[in-house]
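The block underneath contains the structure these notes are about, expressed in structure tokens.
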Amino acid sequence: ASAMTECKMTYNLKGWSVIYKTSRGTGHITCSNGQEANVSIVTHGGGFTFGTSKVIDGRGVFSEVADISSVYGTYGEATAHAGAGASADARAMFKGNVSLSLTGKGEGINVGFAFGSFKITPE
Numbered sequence: 240a241s242a243m244t245e246c247k248m249t250y251n252l253k254g255w256s257v258i259y260k261t262s263r264g265t266g267h268i269t270c271s272n273g274q275e276a277n278v279s280i281v282t283h284g285g286g287f288t289f290g291t292s293k294v295i296d297g298r299g300v301f302s303e304v305a306d307i308s309s310v311y312g313t314y315g316e317a318t319a320h321a322g323a324g325a326s327a328d329a330r331a332m333f334k335g336n337v338s339l340s341l342t343g344k345g346e347g348i349n350v351g352f353a354f355g356s357f358k359i360t361p362e
């Protein structure tokens with residue numbers, strides 16, 4: 240059996256929504272086996288959603304994986320959000336058998352719910 244590793248991510252995101260929701264950002268992933276990578280993040284989705292948002296000081300924790308390459312790809316997500324000024328962001332999402340939990344501090348003016356994708360690619 241191969242050893243599993245724990246990976247964590249720090250990230251920032253900035254986006255907007257008017258029915259369609261999109262955001263872009265960057266992150267840095269570090270794993271307990273010493274692997275690390277800078278990544279790009281893109282989210283897309285739709286639903287009843289409106290506003291602008293910015294997540295700063297975001298933190299993510301992945302389920303255990305065999306290798307850092309297992310965390311790259313597109314995760315499915317469902318979000319509900321509401322905020323004016325400072326706010327908090329929390330999300331949980333899945334890609335096959337890999338899960339990702341995100342938390343972060345944010346700012347913006349937004350309200351609604353959306354379904355979509357959260358894509359992580361190495362830079």
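When we follow my numbering, the leftmost residue of the sequence shown carries the number 240, and every step to the right adds one. Built from N, CA and C at the ideal position, the CB exists for glycine as well.
- Excluding the 5 residues flanking it on each side, S338 has same chain C-beta neighbours closer than 8 angstroms at F301, S302, A331 and M332, in chain order.
- Annotated three-state conformation of S309 is helix, per DSSP.
- Rounded to whole angstroms, the Cβ separation of G266 and T249 is 6 angstroms, and the two are in contact under 8 angstroms.
- Rounded to whole angstroms, N272 and A305 show a C-alpha spacing of 10 angstroms.
- With a threshold of 16 other beta carbon atoms within 10 Å, I307 meets it and is buried.
- In summary, V257 is exposed, with fewer than 16 beta-carbon neighbours lying within 10 Å of its beta-carbon over all protein chains present.
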